[in-house]
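So the sequence shown is numbered by the working numbering: it starts at 3 and just counts up by one.
Cβ atoms here follow ideal geometry from the backbone N, Cα and C, with glycine treated the same way.
Source: prediction; values computed, not measured.
Let me begin by presenting the structure, written as structure tokens, before commenting on it.
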Amino acid sequence: MSAIDYSEKIPNNVHLGDDRTLQRALEQWQPNFIQWWDEAGPEGSSRFNVYLRTAVSVEPSGWAHFDYVKMRDYRWGIFLNPGDPERKIHFGSHLGEKAWQDVPGEHRSNLRRIIVTQGDTEPASVEQQRHLGLTAPSLYDLRNLFQINVEEARHLWAMVYLLHKHFGRDGREEAAALLQRRSGDRDNPRILGAFNEQTPDWLSFFMFTYFTDRDGKFQLAALAESAFDPLARTTRFMLTEEAHHMFVGESGVARTLARTAQVMSALKTDDPAAIRAAGAIDLPTIQRYLNFHYSVTIDLFGADQSSNAATYYNSGLKGRYDEGKRNDDRLLRDQVYRVLDIQDGRLVDKEVPMLNALNEVLRDDFIRDSIGGVERWNKVLAKAGIGFRLRVPHKAFHRNIGTLSGIKMSPDGEVVDDAQWRARQEEWLPSADDRAFVTALMGKVAEPGKFAGWIAPPTMGVNRQPVEFDYVRFN
Ligand code: BYC
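The following block contains the structure:
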């Protein structure tokens, strides 16, 4: 089961050749995928030879093979983690029953909706990152961008496989629509808010891969608990790739901070104008980018009270993060959870049934995990003797989904009125001026071992190659 067959047109470890109908359906979808990749994927990259990692087996050891690959010839395919025929459902009203190999009729539309929502984010992120290759700060960074792009595209394949195999004609229509929506398109946008925002520069890209790919980690982990076994096994495998994406974000921001700290120490100043004039990104601007990406990402967890979330859990479609390690009854019927509510224009704590608050439970798990990396970023500043500290903003800052979208709040948690919000927004979120400055700073560096002036080199290369390795050959 686990070896991947690369001799087939669509590499897979699911014996695709034994299911002619499915194979034909996927082979019809494939040219449309390639057309989408050419139109919306990394701009101008089709002839580049890139030092990429490709999955060779889904076993935990040795699934990744590194070599130069032409971007357009990347072997996208269908890889599922090995199955356990005895696997049992371990939460919700079907607790203890055998996991499902097929979609039960009564859960069909909810499962399709979850898979479509997940699938929609993958091409969306590739579209958002389409132009970044033109301004990569080094070959090392360019290669990491492309690695992420091909893997997100493979995650799209993973969801399309589930739609084609398990949802008949509806599934095929949804799979086609995944290639038709476009990030930010006014008439046919991507489903979730954050995936319609722009990722116009590399600071945005690093914040996106740190925060938004981490939403991916938590959502995929919750889906990896699913009673629908094919979904659980596909998402489990996707998670192995997500770790690298978050590493790119965390180390990218850390390297940006290291360079800024170097400039601040050399010039003995914390004046943003002086730091900008020296070609580095000042810390208040980095904080504003953090505020933006953090707030749009926590919106991705959905409303704080959601009957959908209760249904998904109760029916076994979507678990909690690390469901297997929780030691409650995994039914959650009598349990409560504290959420924030708004009363008379102020935030108050409120207890609600846990089942309805599962989006909030996952968001809180995400918040704890996110803060860990922000503290590691602060160590870069502390080590350089700089007093400034980055912070994640208050949970109610700049929210558009759920109860908290009903209040305006500063990053520090101070309630503000509309006029104050308008007056101070530019202190808290990237202004047009910030974005113009960051964009102007970006310029492509394509010589092996050289890095743009606003970012420090990494401490290590990819797959034990030196930092000055030629990770991308432009031909
Ligand atoms: N923007 O009851 P609610 C990743 C909609 S990232 C716009 O709270 P529910 C990746 C919602 O659809 C992981 N709309 O919804 C990362 C619903 O609409 P309808 C992606 C939003 O269902 C980086 C309505 O509001 N995976 O993999 O409880 C790069 C009511 O809301 C938003 C998943 O998300 C929003 N932010 O929760 C590449 C997992 N939030 O139907 C990839 C699958 C909510 O009433 N998705 N709405 O018109 C889910 O589990 C759920 O759909 C959600 C929403 C948690 C997202």
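Exposure of residue i, with buried meaning 16 or more beta-carbon neighbours within 10 Å
| i | result |
| --- | --- |
| Thr56 | buried |
| Met462 | exposed |
| Arg466 | exposed |
| Thr237 | buried |
| Ala425 | exposed |
| Ala550 | Beyond the ends of the chain as shown, which are 3 and 477, falls residue 550; an answer cannot be given. |
| Ser308 | buried |
| Asp187 | exposed |
| Ser9 | exposed |
| Asp75 | exposed |
| Ala155 | buried |
| Met3 | Low local confidence applies: a pLDDT of 47 at Met3 is under 50, so the model's placement there is unreliable, and no value is given. |
| Gln30 | exposed |
| Arg261 | buried |
| Pro432 | buried |
| Asn329 | exposed |
| Pro139 | buried |
| Phe476 | exposed |
| Ala442 | exposed |
| Ser185 | buried |
| Asp203 | buried |
| Tyr70 | exposed |
| Pro413 | buried |
Expected contact under 8 Å - CB spacing of residue i and residue j to nearest Å
| i | j | result |
| --- | --- | --- |
| Gln122 | Ile193 | The residue you asked about is not Gln; residue 122 is Asp in the sequence shown. Between Ile193 and Asp122 the Cβ distance is about 5 Å, and since that is below 8 Å, they are a contact. |
| Gly321 | Phe93 | 5 Å |
| Val152 | Leu54 | 6 Å |
| Trp78 | Asn293 | Not confirmed; about 35 Å, so no contact. |
| Thr214 | Leu134 | The pair is not a contact, with the Cβ atoms about 14 Å apart (cut-off 8 Å). |
| Thr258 | Trp456 | 7 Å |
| Arg132 | Glu45 | 5 Å |
| Tyr296 | Val394 | 5 Å |
| Asp351 | Arg365 | Rounded, the Cβ-Cβ distance is 16 Å, inconsistent with contact. |
| Val360 | Leu349 | Note that residue 360 is Leu in the sequence shown, not Val. Not a contact, Cβ separation roughly 21 Å. |
| Arg174 | Ala27 | 6 Å |
| Ala223 | Tyr323 | 5 Å |
| Leu205 | Tyr291 | 5 Å |
| Ile150 | Val250 | 6 Å |
Legend entry - the segment 200–213 touching the segment 116–132, judged by at least three CB pairs closer than 8 Å: Yes, the segment 200–213 touches the segment 116–132.
Legend entry - Cβ pair count under 8 Å reaching 3, the segment 211–226 against the segment 236–243: Output reads yes: the segment 236–243 touches the segment 211–226.
Inset, instruction - Mind the definition here: the segment 97–109 touches the segment 9–19 only if three or more C-beta pairs lie below 8 Å; say whether that holds. - result: The answer is no - the segment 9–19 does not touch the segment 97–109, with fewer than three Cβ pairs under 8 Å.
Legend entry - Three-pair Cβ contact test at 8 Å for the segment 443–458 versus the segment 139–158: Taking one beta carbon from each stretch, the segment 443–458 and the segment 139–158 have 3 or more pairs nearer than 8 Å; the two touch.
Legend entry - Those runs of the alpha helix (DSSP H) which lie wholly inside the segment 158–187 and span at least 4 residues: Whole alpha helix (DSSP H) segments, 4+ residues: 170–180.
Legend entry - Meets three-Cβ-pair contact criterion under 8 Å: the segment 328–338 and the segment 398–415: Flag = no, the segment 328–338 and the segment 398–415 do not touch.
Legend entry - Three CB pairs or more closer than 8 Å across the segment 372–380 and the segment 267–274: The segment 372–380 vs the segment 267–274: no contact.
Legend entry - Every unbroken beta strand (DSSP E) within the segment 326–401, with a cutoff of 3 residues, ordered by chain: Along the segment 326–401, the beta strand (DSSP E) occurs as fully enclosed runs of 3 or more residues at 338–345, 348–355, listed in sequence order.
Inset, instruction - Say whether the segment 261–268 touches the segment 152–170, bearing in mind that this needs 3 or more beta-carbon pairs closer than 8 Å, one atom from each stretch. - result: Segment contact: the segment 261–268 against the segment 152–170, fewer than three CB-CB distances shorter than 8 Å; contact not assigned.
Legend entry - contact_flag[the segment 280–287, the segment 88–103] where n(CB pairs < 8 Å) is 3 or more: In this structure the segment 280–287 does not lie against the segment 88–103, because fewer than three pairs of beta carbons, one per stretch, are closer than 8 Å.
Inset, instruction - Decide if the segment 300–315 is in contact with the segment 436–444; the criterion is three or more beta carbon pairs, one per stretch, under 8 Å apart. - result: Touching, no, given that fewer than three Cβ pairs across the two stretches are closer than 8 Å.
Inset, instruction - Would you be able to state if there are at least three C-beta pairs under 8 Å between the segment 396–403 and the segment 380–387? - result: Note that the segment 380–387 does not touch the segment 396–403; fewer than 3 beta-carbon pairs, one per stretch, sit closer than 8 Å.
Inset, instruction - Any chance you could list the alpha helix (DSSP H) runs of at least 4 consecutive residues sitting entirely within the segment 211–284, in chain order? - result: Segments of the alpha helix (DSSP H) lying fully in the segment 211–284: 215–225, 231–269, 274–279.
Legend entry - Every unbroken beta strand (DSSP E) within the segment 416–453, with a cutoff of 3 residues, ordered by chain: Those beta strand (DSSP E) runs which fall completely within the segment 416–453 and span 3+ residues do not exist here.
Legend entry - Contained beta strand (DSSP E) runs [length at least 3] in the segment 13–71, N- to C-terminal order: Whole beta strand (DSSP E) segments, 3+ residues: 51–57.
Inset, instruction - Determine contact between the segment 168–179 and the segment 109–117, defined as no fewer than three beta-carbon pairs at a distance below 8 Å. - result: By the Cβ test, the segment 168–179 is in contact with the segment 109–117, since at least three Cβ pairs between them sit closer than 8 Å.
Legend entry - Any alpha helix (DSSP H) of 4 or more consecutive residues that is wholly inside the segment 87–164: As for any alpha helix (DSSP H) of minimum length 4 sitting wholly inside the segment 87–164, the runs are 110–130, ordered along the chain.
Legend entry - Length-filtered (4 minimum) alpha helix (DSSP H) runs lying within the segment 283–319: Within the segment 283–319, the complete alpha helix (DSSP H) runs of at least 4 residues are 285–300, 309–316.
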